[in-house]
Each structure stands twice: as C-alpha cells, then as structure tokens.
Amino acid sequence: MRSALPRALGSAASRGFWQSRAFVPRVWQSSSLKATTLSVRSLSSTPCLRSLDDDPDRKWSTPLAKQLADAISATGPVPLASFMRMCLTADIGGYYTGAIEEGRDQFGLKGDFVTSPEISQVFGELIGIWFVTEWMAQGKQSQGVELIEVGPGRGTLMDDMLRTIQKFGPMANSIDAVYMVEASPQLREVQKTLLCGADATMTESKVGWHSVCKYMSVPIVWTDTVKSIPNASEKMPFIVAHEFFDALPIHTFQCVEVPATQDIKPSPSDLSSPSTRTNQPTVQWREMLVSPTPPGSTHDTLRTPPSQSRDTPPPDFQLTLAQANTRHSLYLPESSPRYRAIKSQVGPGALIEVCPDAALYASDFAARIGGSAQYPKPQPKGAALILDYGPGDGTVPTNSLRGIRRHRRVSPFAEPGLTDLSADVDFAGIAESAVRASEGIEVHGPVDQGTFLDLMGIRERAEMLIKAATASATTDEAKQYAANIEKAWKRLVDRGPGGMGKVYKALAVLPENEGRRKPVGFGGDVVA
Ligand code: SAH
Numbered sequence: 001m002r003s004a005l006p007r008a009l010g011s012a013a014s015r016g017f018w019q020s021r022a023f024v025p026r027v028w029q030s031s032s033l034k035a036t037t038l039s040v041r042s043l044s045s046t047p048c049l050r051s052l053d054d055d056p057d058r059k060w061s062t063p064l065a066k067q068l069a070d071a072i073s074a075t076g077p078v079p080l081a082s083f084m085r086m087c088l089t090a091d092i093g094g095y096y097t098g099a100i101e102e103g104r105d106q107f108g109l110k111g112d113f114v115t116s117p118e119i120s121q122v123f124g125e126l127i128g129i130w131f132v133t134e135w136m137a138q139g140k141q142s143q144g145v146e147l148i149e150v151g152p153g154r155g156t157l158m159d160d161m162l163r164t165i166q167k168f169g170p171m172a173n174s175i176d177a178v179y180m181v182e183a184s185p186q187l188r189e190v191q192k193t194l195l196c197g198a199d200a201t202m203t204e205s206k207v208g209w210h211s212v213c214k215y216m217s218v219p220i221v222w223t224d225t226v227k228s229i230p231n232a233s234e235k236m237p238f239i240v241a242h243e244f245f246d247a248l249p250i251h252t253f254q255c256v257e258v259p260a261t262q263d264i265k266p267s268p269s270d271l272s273s274p275s276t277r278t279n280q281p282t283v284q285w286r287e288m289l290v291s292p293t294p295p296g297s298t299h300d301t302l303r304t305p306p307s308q309s310r311d312t313p314p315p316d317f318q319l320t321l322a323q324a325n326t327r328h329s330l331y332l333p334e335s336s337p338r339y340r341a342i343k344s345q346v347g348p349g350a351l352i353e354v355c356p357d358a359a360l361y362a363s364d365f366a367a368r369i370g371g372s373a374q375y376p377k378p379q380p381k382g383a384a385l386i387l388d389y390g391p392g393d394g395t396v397p398t399n400s401l402r403g404i405r406r407h408r409r410v411s412p413f414a415e416p417g418l419t420d421l422s423a424d425v426d427f428a429g430i431a432e433s434a435v436r437a438s439e440g441i442e443v444h445g446p447v448d449q450g451t452f453l454d455l456m457g458i459r460e461r462a463e464m465l466i467k468a469a470t471a472s473a474t475t476d477e478a479k480q481y482a483a484n485i486e487k488a489w490k491r492l493v494d495r496g497p498g499g500m501g502k503v504y505k506a507l508a509v510l511p512e513n514e515g516r517r518k519p520v521g522f523g524g525d526v527v528a
C-alpha cells in the first residue's frame with residue numbers, strides 16, 4: 001500500500017532529469033502539407049542477402065537482431081511495422097516482453113523513460129475523476145460499468161484511478177470488472193502485485209488471466225489484446241490509453257516520381273504485388289523497409305545524426321526505400337483523404353507515417369461505446385480518454401520514429417529489443433477511424449495536456465496534498481516532500497521546453513450527443 005506521502009518522496013530534483021518519451025529531441029518536425037525528405041539508402045536488388053553472405057560470422061548486437069537478420073535474409077527487407085512489432089513485443093527478447101535485464105524495468109530513473117502517472121499521483125487521480133464525471137453525466141448507471149486500460153505499464157495509473165473512484169461509492173459499486181490489455185507477461189505480474197497484492201493468485205481462462213482487486217474486490221482480467229474483452233451492449237465501458245498508441249507499430253511511406261514505361265519487379269519481401277508499369281511519369285507511394293546495415297558499419301559510416309547518442313553499438317539495421325510497390329503501399333496511403341491530399345499537394349519527397357493498429361484500437365473503442373453493425377448498441381454509453389504525444393493540429397506525423405535508452409535518444413535500429421521505440425500519435429487519424437467505425441460516438445479534442453489538467457483542477461488538488469503534508473509535519477523531509485509535489489504537478493502542465501503540458505494531448509470519445517455536451521477538461525462543466 002502506498003503511504004500518505006507517496007511516490008513523490010524521492011527527491012524531486014532527481015526526478016527532474018528523467019526524460020519522458022516525447023522529450024527525447026527529434027531531428028525532424030511533423031508537418032502535413034510540407035514536403036519532408038529523408039535521406040535513405042537506396043535499396044539495391046539483394047543487399048541484405050549479399051551482406052549476410054559476405055560475413056556469416058557477423059556479430060549482432062542482441063539475439064533479437066540476429067533473429068531479425070535471419071528472417072530478412074529469407075524474405076527480404078521487412079516493413080518498419082514488422083520490425084517495430086518484433087522489437088517491442090516479440091515473445092522472446094521484445095522490449096516490453098522480456099529483453100530488459102533482471103532487476104531493471106522500462107520506467108523511472110533506472111529505466112529508459114518516465115511517464116505522467118509515474119511523476120505524480122495527481123495525474124491518475126484526475127483521470128479517475130474524469131471518468132466519475134462521465135458516469136454522472138451519463139445517468140449514473142448502477143451496474144455494468146467496466147474500466148478498461150490499454151498498455152498499463154506498472155499499473156500505477158489504474159491504481160491511482162481506482163483509489164480515487166473508490167471514494168465515489170455509487171460509481172464504485174457500479175463497476176462489474178476491470179480489464180487490463182497488456183502484451184507483457186512480466187508487466188502483467190507487476191500490475192497484479194500492485195492492484196491485487198503480491199500473494200494474490202491469477203487464474204487462466206479462454207479470455208485471459210483473472211484475479212481480484214484490492215479496491216472494492218472487483219474482478220480484474222488481463223488480456224493481451226482489446227479484441228479478447230467481451231463486448232455486450234448493456235455495458236458502460238470507460239477506456240483509458242496513456243502512452244499506448246505511441247508504442248504501436250507504424251508503416252512509413254515516401255512519395256516518389258516513377259518515370260514513364262518503367263517495369264519494376266515487386267520487392268522480394270512481397271511476392272504477391274503486381275509489377276509496376278507506367279506509360280507516363282506518375283507519383284506513387286513507396287514503403288520504407290528495414291534491412292541490415294553493411295557489415296563493419298560504424299556510427300561514422302552510417303552518419304548517425306548528432307541528435308542520437310553514439311554510446312550504443314552501431315545500428316544493425318537501416319531504412320531503405322522499396323523500389324516497387326509493396327502490399328501495404330498499395331492501400332494504406334490511399335486509406336485517408338489526408339494522405340491523398342499530401343500526395344497531390346506535396347508530391348515527390350513527401351513522407352507519412354501510418355499506424356493501422358491505432359485505427360483498429362480506435363475503431364474498437366468507438367464500437368464498444370457507440371455500437372456498430374457487428375455489435376448494435378441501442379443506447380450508446382461509456383467513454384474513452386486517449387493521452388499521448390503527437391500533432392494536435394490535424395497534421396500527419398512524419399519522421400517521428402525514435403529510439404530511447406536510459407533517458408537518451410539513440411538510433412531506433414541500435415540494439416533491437418533493448419531500445420524503446422515510439423512514434424508520434426496521429427490524433428486526427430484516431431478521430432477519423434473512430435467516427436468511421438460507429439455512428440453512435442463523437443470525438444472531442446485533442447486539447448493540450450496542460451489545458452486538460454488545469455481544467456480538471458490540478459492546482460487545487462496539488463495544493464490540498466501540499467497542505468496536508470505540511471500540516472502534519474514541519475520537518476525538512478515534509479518541506480522537501482511539499483516541494484516535490486509542486487515540482488511534479490507543474491511539470492505535467494508546463495508548456496515550455498521540457499514540460500509536458502503542450503507536447504502531450506488528450507482526446508475523448510463520447511456517446512454521440514450532437515456536440516451539445518462537452519466533457520470536463522475539454523471545456524464542459526460537471527453535470528450532477
Ligand atoms: N501507460 C503506462 C505505460 C506506457 S508504456 C504509463 O503511462 O506509464 C506502453 C505500455 O503498453 C506497456 O505496458 C507495454 O507493455 C504495453 N504495450 C505495448 N505494445 C502493446 C501491444 N501491442 N499490446 C498490448 N500492450 C502493449
């Protein structure tokens with residue numbers, strides 16, 4: 001159990017330099033209709049096969065790097081999304097699923113990055129209150145409420161939310177179950193220990209892994225995908241995703257001009273693609289693929305940019321531009337009018353990132369709240385709150401993939417499985433997918449995290465905590481604790497460099513009500 005002087009008791013000063021993932025500096029900025037070009041090495045016919053043959057004894061930086069290189073030597077270069085998926089969630093050696101050494105985790109000072117719930121308990125408390133306000137505004141249903149979190153990390157956010165919701169008796173009593181969507185068996189265990197106790201047992205079923213929460217004794221169910229959570233029309237799902245969407249794999253495409261009467265064989269990784277023949281120059285999307293770097297590469301020969309630390313071994317892999325269509329380049333960049341506008345208005349050189357998994361999750365949330373053809377819902381209900389970083393002005397992310405290790409930016413292709421990978425979240429894309437998936441929902445935001453938390457009353461809540469801490473004790477420790485709380489909450493709303501108030505955004509999905517009621521934190525008032 002957390003003490004009354006909780007996680008902030010560590011020194012705030014030491015917290016100050018923990019990096020959040022959004023802060024690791026980037027080389028390129030997002031832009032929508034601005035042409036952005038990326039220098040990628042052109043893909044010769046079979047570079048990876050040749051380089052592997054050249055040096056069968058090549059040393060790879062991690063076992064996962066070797067596994068990826070073996071796979072690429074069999075199939076040819078792979079889409080960035082396949083590479084990311086393996087690096088983050090491969091059964092063996094994925095960043096979240098096992099590669100991290102014993103005694104170390106991804107989060108906090110000794111890990112790679114820090115997130116808002118880990119910085120201050122006030123963050124999770126206010127998210128809990130946000131769901132209480134939605135429950136009130138939607139008629140205070142007395143049963144059938146589900147709390148769903150995707151990508152719960154250490155479980156800290158859900159712990160703070162539940163501790164807060166517990167104080168609102170009627171809502172607490174309405175909760176049927178808590179669902180945690182978590183790919184990592186290790187993190188599931190960490191979450192279970194925090195939310196249920198170290199001795200609580202987990203039992204397995206067809207749906208997932210079950211235990212009982214220390215708050216309100218509600219059942220908690222862990223699944224490894226949101227699809228495994230049963231969908232029933234009478235349920236009121238309250239869904240939270242904090243720094244989850246940025247960890248989903250992206251594809252990246254570049255617009256190129258294809259000269260007339262060119263006949264190009266499909267990429268070796270995609271034998272199903274048709275060849276490309278054109279009678280006049282056309283502008284087409286080409287996918288960026290991942291292939292091994294040449295044997296003997298160094299940071300110098302690979303020209304690792306100055307924004308990336310050279311303390312890692314040289315990257316094992318690099319991005320190359322496919323010479324022909326791949327399966328994904330034929331349909332993903334054509335799937336949204338926003339991408340089509342970039343192709344026609346920017347043309348050759350334009351780069352976009354597309355995250356099909358984000359679209360799947362957004363569609364799932366929307367269908368759960370608003371109903372869909374597959375899951376009709378006579379009365380839409382519930383809400384989703386998505387907090388993450390990415391452009392808030394509708395522009396499509398570009399060049400935002402980053403590798404993070406020990407609070408520093410590194411090459412995303414260095415030490416696969418030991419390096420955290422993330423990319424900007426396309427909030428406009430999430431909104432588009434949600435609206436397309438269900439007629440029963442509407443989307444609010446994104447708004448800056450600073451605005452959202454200010455409107456949720458972060459200052460007042462932090463001041464209460466500070467007052468309580470200093471009222472009970474006047475020791476140096478209590479004073480230090482109060483200073484820590486102050487520093488922590490201000491970092492969450494700070495809109496300047498290093499602060500999290502502007503870069504991070506909040507987006508809400510609500511039952512459709514013709515925009516008449518805005519949610520709290522997005523300009524709306526509490527409806528009692
Ligand atoms: N929300 C937490 C953790 C963010 S890190 C916080 O803010 O502190 C991303 C989380 O998503 C981790 O728990 C990771 O294991 C999980 N995750 C990443 N990819 C996933 C996937 N494809 N499916 C399910 N969980 C995933």
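At position 267 of the sequence shown (counting the first as 1) the number is 267 in my numbering, and the numbers step up by one without a gap. Ideal Cβ positions, reconstructed from N, Cα and C, are used throughout, including at glycine.
Sub-7 Å separation of residue i and residue j beta-carbons
i, j, result
"Ala324", "Ala437", "no"
"Pro519", "Gly440", "no"
"His299", "His251", "no"
"Gln318", "Arg286", "no"
"Pro491", "Lys502", "Note on residue identity: the sequence assigns Arg, not Pro, to residue 491. No; because the gap between Cβ atoms is not below 7 Å, this pair is not in contact."
"Gly403", "Gly94", "no"
"Pro446", "Gly392", "yes"
"Pro117", "Thr156", "yes"
"Ala508", "Ile430", "no"
"Leu421", "Met288", "no"
"Val410", "Gln308", "yes"
"Val122", "Arg516", "no"
"Tyr504", "Tyr389", "yes"
Enclosing beta strand (DSSP E) for residue i [first to last residue]
i, result
"Thr252", "His251 to Val258"
"Val145", "Val145 to Val150"
"Asp176", "Ile175 to Val181"
"Pro337", "From DSSP, Pro337 is part of no beta strand (DSSP E) but of the alpha helix (DSSP H) over Pro337 to Gln345."
"Met86", "Not the beta strand (DSSP E): Met86 falls in the alpha helix (DSSP H), residues Leu80 to Thr89."
"Pro534", "The chain is shown from 1 up to 528; residue 534 falls before or after that span and cannot be answered."
"Thr193", "That residue, Thr193, is in no beta strand (DSSP E); its alpha helix (DSSP H) goes Pro185 to Cys196."
"Asp420", "Asp420 to Ser422"
"His210", "Trp209 to Val212"
"Ala241", "Met236 to His242"
When the options are compared against residue i, the one with the closest alpha-carbon
i, options, result
"Glu146", "Ala384, Ser291 and Leu64", "Ala384"
"Pro249", "Asp476, Pro412 and Gln19", "Pro412"
"Phe131", "Thr164, Val218, Gly515 and Asp112", "Thr164"
"Gly533", "Leu455, Ala22 and Val256", "Because the chain here runs from 1 to 528, residue 533 falls outside it and cannot be looked at."
"Ile485", "Asp176, Ala469, Gln186 and Met500", "Ala469"
"Ile175", "Asn513, Phe83, Cys213 and Leu187", "Cys213"
"Arg405", "Thr223, Pro356, Gly499 and Asp112", "Asp112"
"Pro314", "Ala414, Ser344, Leu88 and Val354", "Ala414"
"Gly208", "Ala471, Leu194, Pro185 and Ala483", "Pro185"
"Gly169", "Glu460, Met216 and Thr193", "Met216"
"Glu189", "Ala172, Met171 and Thr223", "Thr223"
"Gly382", "Ser335, Asp364, Tyr339 and Pro306", "Asp364"
"Glu204", "Leu401, Leu194, Gly197 and Ile220", "Ile220"
"Val114", "Gly349, Ala473 and Gly498", "Gly498"
"Met500", "Ser472, Gly521 and Phe452", "Phe452"
"Asp454", "Gly521, Val435 and Pro333", "Gly521"
Residue i classed as buried or exposed, judged by whether at least 16 other C-beta atoms fall within 10 angstroms
i, result
"Glu125", "buried"
"Val526", "exposed"
"Glu477", "exposed"
"Pro281", "exposed"
"Pro337", "exposed"
"Glu514", "exposed"
"Lys110", "exposed"
"Arg340", "exposed"
"Ser20", "buried"
Host alpha helix (DSSP H) of residue i (start-end)
i, result
"Trp130", "Gln121 to Ala137"
"Thr156", "Thr156 to Ile165"
"Asp448", "Where Asp448 is concerned, there is no enclosing alpha helix (DSSP H), although the beta strand (DSSP E) it sits in stretches over Ile441 to Asp448."
"Thr470", "Ile458 to Ser472"
"Lys490", "Asp476 to Val493"
"Gln67", "Pro63 to Thr75"
* Taking contact to mean at least 3 C-beta pairs separated by less than 8 Å, is the segment 381–398 in contact with the segment 422–430? -> With a cut-off of 8 Å, the segment 422–430 and the segment 381–398 count as touching, because enough Cβ pairs lie within range.
* Give a yes or no on contact between the segment 144–152 and the segment 238–256, applying the rule of three or more CB pairs nearer than 8 Å. => With the cut-off at 8 Å, the segment 144–152 and the segment 238–256 touch.
* Taking contact to mean at least 3 C-beta pairs separated by less than 8 Å, is the segment 171–182 in contact with the segment 212–230? -> Yes: the two stretches touch, three or more of their Cβ pairs being nearer than 8 Å.
* Is the segment 103–112 touching the segment 136–145 in the sense that three or more CB pairs, one from each, lie closer than 8 Å? -> Taking 8 Å as the limit for Cβ pairs, the verdict is that the segment 103–112 does not touch the segment 136–145.
* Asked: Just checking, does the segment 232–241 make contact with the segment 361–375 on the three C-beta pairs under 8 Å criterion?
  -> With a cut-off of 8 Å on Cβ pairs, the segment 232–241 is in contact with the segment 361–375, counting three or more such pairs.
* To do: Specify whether the segment 70–84 and the segment 159–178 touch according to this definition: at least 3 beta carbon pairs, one from each stretch, less than 8 Å apart.
  => Not touching, per the Cβ criterion.
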